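2 protein chains.
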Amino acid sequence: MQNFTFQNRTKIVFGKGTEGQVGEEVKEYSDKILFLYGGGSIKEYGIYDRVMDSLDEAGVGVVELGGVQPNPRLSLVKEGIEVCRENGIEFILAVGGGSVIDTAKAISIGVPYEGDVWDFYSTDKAVEESLPIGTVLTIPAAGSESSPGSVITEEEGGYKRDVVDNELRPEFSILNPEFTYTLPKYQTASGAADIMAHVMERYFTHEEHVGLTDRLCEGTLRTVIANAPIALEEPENYEARAEITWASTVAHNDLLGTGRVEDWASHKIEHELSGMYDVTHGAGLAIVFPAWMEYVYEEDVERFAQFATRVWGKETNYYSLERTAREGIKALKDFFHDIGLLTSLEELDVEISDDDLREMANKCTEDGPVGNFVKLGADEVLEIYKIAR
Amino acid sequence: MQNFTFQNRTKIVFGKGTEGQVGEEVKEYSDKILFLYGGGSIKEYGIYDRVMDSLDEAGVGVVELGGVQPNPRLSLVKEGIEVCRENGIEFILAVGGGSVIDTAKAISIGVPYEGDVWDFYSTDKAVEESLPIGTVLTIPAAGSESSPGSVITEEEGGYKRDVVDNELRPEFSILNPEFTYTLPKYQTASGAADIMAHVMERYFTHEEHVGLTDRLCEGTLRTVIANAPIALEEPENYEARAEITWASTVAHNDLLGTGRVEDWASHKIEHELSGMYDVTHGAGLAIVFPAWMEYVYEEDVERFAQFATRVWGKETNYYSLERTAREGIKALKDFFHDIGLLTSLEELDVEISDDDLREMANKCTEDGPVGNFVKLGADEVLEIYKIAR
């Protein structure tokens, strides 16, 4: 087990009707906030009104900014920074999924910074100051509700980059699983893939002695595997929605990564895809992750065999751990397919040429090899894109 | 799943040599601290010197108070409060196990309080203010290094009572598993029982839909079950010590209890035992918990069958979940026995009469029935003591 530091201060308020507490939570920080959201769905489903009522009741003044898109854009971040500065805003409330929360985080570090906020994403510029933020989560997937990360797309160059700093953890996050009843099936499934990917990026390590976190990872994966099909079949099954929602936070609150070197190659490989083609991040991961596994599993057959047995219930073939390992990868791919996700680039509704793949592989490795389980240069990443095709 | 609020701000600094960071961590809060510890073992094993060196280097002034005993006493808490007041102390560093940390917590709420600190333990007096505390953990067991609880014994009446409040979570805890190499076998085993008990108090609930936390609980239990025997056989096996140390925190940082009604009857039943006879808390739990299980398991045979299968690897007998359930309880009892713990009151080196048992049962239920899985009055608690005999 490697040495580590772990601290996650985010207050989680979880359950039915908890959006009614948003006013009093916000009030601890400020009387005047930026209310950030995405498209019209929070209005359509009454979430907007319920949050506004609670803010009103607490006497919190609101400046609104909507229009955050999936794979959130730098341009809107910059707009948000201006709005905050012009209005003397000191707290940001993000109501939505990962894109809205990541945008709020970007704005929160951009407001007190004199330079270009993209510096934090494109260089190793450290975060020194930020506005506090809170969230009301509507899509369980990104884990941004308690994570220290934010991913933004610089739309002109098609660069999707992240910043990770403890300063970016929300002060509080309100999670009402009922808000996820109306998610389109595709988004429920993509969310499940994203949650699982967050666990797997941590699970695949060469650290042998991480028994506790291995088991916590396996338990979180099994929970998503058990509940995603239920949520797809019965969208208003509260218990299944609650399991997935809590799993989305646990998967990415950093506990599961303690004591180990994490990988994150698949995320970087996927970011090029969703940066260029505007694929849903989780759906992109469902294509990339199994391909990454096929390319790297021989480097640590034992770990992949453990994954197959403990996560997927495959019998261990003691005479061929390799065969067991492959069964686990197949089980993952089959699962993604069963919950309605695409599992190859060809099925995507876009044209991707060999040159495009090469360009993505180059961009992905611009700052050096990606991943830790196996360090992957441009050629290796290209191979993975080809397997994914 | 029940609604819940979860927040645990404690910063965990984990691994080899991390005690060298104590000075800089403390320095964030104060230049002059109370250094609280127990007996001579931290001096004997060099922990005292290493912590002092780090504090020195950071220019932190220290007032010392040693002598905390297991099942920590109210009298020393009061002494600590006086020492803090006389010296204008604003931060407490606890170096030791649960008893030292719980004493530090008691002092931390006693210093700013004008009344008798025992009020917090004996009435529902709420905590409003406290000094910040930090810990350097030497015994993985109580989980007090990130928990909101403190248990103190009022030695005159033999009352062992607790207070639970988020305010009591340490600001930071430094966990170096190497510090546990020199623990006597009995303490390693008792610690394992204590950690397992913290998980089981949460695991046994009638909430059906707590799949994620069930799995996190099971993983934590399996980690202790796998590693305690290794640590007993090879006291300097870093990896086994590290797994147990991290499990002690995870077991009791409140994550595993989210969404469910917890039980805590066994702890209360045990507290009478260690309050009266100065039994090690974990060792007492190894006697009480299986007896509690035998008394209550028929109330929810499914949950006990799940425990047997998922935690102990017992085959499910689909035609008799009851038989499976009993196998799980037996497995727990056998495990405690195998790691060298006593599993009946009779084996304790004390005389306990029928009248004593009755008195303990009465005291235990003075404020009403204990537990939630089954609510237990004095007669039921007496039955459990009799099973434990």
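Note that the protein sequences, when read in sequence, are chains A and B.
Numbering follows the numbering used here, with no gaps: position 286 of the first sequence is 275.
Numbering follows the numbering used here, with no gaps: position 262 of the second sequence is 251.
Note that beta-carbon positions come from the ideal geometry of N, C-alpha and C, so glycine has one too.
It should be emphasised that the depicted structure is a prediction, and the values quoted were computed from it without experimental measurement.
In the DSSP assignment, the residues bridged to B:S139 are B:V152.
The C-beta of B:L221 comes no closer than 8 Å to any C-beta of chain A. Spatial neighbours of B:G6 in its own chain (CB-CB distance under 6 Å, excluding positions within 5 residues in sequence) are not present. Apart from the 5 residues on each side of it in sequence, A:L310 sits with its Cβ closer than 7 Å to the Cβ of V290, E291 and A294 in its chain, given in chain order. The criterion of a C-beta distance shorter than 8 Å is satisfied by A:F(-5) and B:I1. A residue is called buried once 16 or more other Cβ atoms fall within 10 Å of its Cβ, and A:N60 is buried on that count.
In the structure shown, the three-state DSSP call for A:L126 is strand. By the Cβ rule, the stretch 229 to 246 of chain B counts as touching the stretch 178 to 197 of chain B, because three or more pairs are nearer than 8 Å. Using beta-carbon distances, B:K16 does not count as an interface residue toward chain A, since no partner is under 8 Å. Straight through space, the alpha carbons of A:T313 and B:T298 are spaced by roughly 23 Å.
Proximity of B:T209 to chain A, defined by a Cβ-Cβ separation below 8 Å, is satisfied. B:K364 counts as exposed, since fewer than 16 other beta carbons sit within 10 angstroms of its beta carbon. Only exposed fits A:K174, as fewer than 16 other CB atoms lie within 10 angstroms of its CB.
Residues of the stretch 293 to 304 of chain B with a C-beta less than 7 Å from any C-beta of chain A: none at all.
Among the residues of chain B, those whose CB is under 8 Å from the CB of A:A231 are M(-10), H198 and G248, following chain order. Nearest CB-CB separation between A:T7 and chain B: below the 8 Å threshold.
For the options A:E225, A:E223 and A:D243, the alpha carbon positioned closest to that of A:R158 is the one of A:D243. The residue from B:L164, B:M265, B:S97 and B:W301 with its alpha-carbon nearest to that of B:L337 is B:M265. Listed in chain order, the non-local C-beta contacts of A:L65 below 7 Å within the same chain comprise G56, V57 and T92, local neighbours out to five positions each way being set aside. Sorting A:I22, A:E53 and A:F109 by C-alpha distance to the C-alpha of A:G77 places A:I22 at the top.
Under a 10 Å Cβ-count criterion, B:R74 is classified as exposed, with fewer than 16 other Cβ atoms of the shown protein chains found around its own Cβ. Residue state for B:T112 is assigned as coil, using DSSP reduced to three classes. If you check the CB distance, B:L245 and B:L205 come in under 8 Å. Per DSSP, reduced to three states, the secondary structure at A:N216 is helical.
Below the 7 Å Cβ cutoff, chain A contributes M(-10) and H198 as neighbours of B:E228, in chain order. Between B:V285 and B:I258, the C-beta gap is not smaller than 8 Å, which leaves the two residues out of contact. Beta bridge pairing from DSSP links B:V51 with B:I22.
A straight line joining the alpha-carbon of B:L321 with that of B:D252 spans about 18 Å.
Listed by position along chain A, the residues whose Cβ is nearer than 7 Å to that of B:V2 are T(-6). With its beta carbon less than 8 Å from one in chain A, B:R204 belongs to the interface. Per DSSP, B:F161 is one residue of the beta strand (DSSP E) stretching across F161 to L164. Here the C-alpha atom of B:D154 lies approximately 55 Å from the C-alpha atom of A:L346.
In the pairwise beta carbon analysis, the stretch 85 to 100 of chain A is classified as touching the stretch 26 to 37 of chain A: at least three pairs are separated by under 8 Å. Here A:S43 is not near A:G69, since their CB atoms are 8 Å or more apart.
Pairing B:I31 with B:E8 gives a Cβ-Cβ distance that is not under 8 Å.
Note that the C-beta distance between A:M(-10) and A:H198 is below 8 Å.
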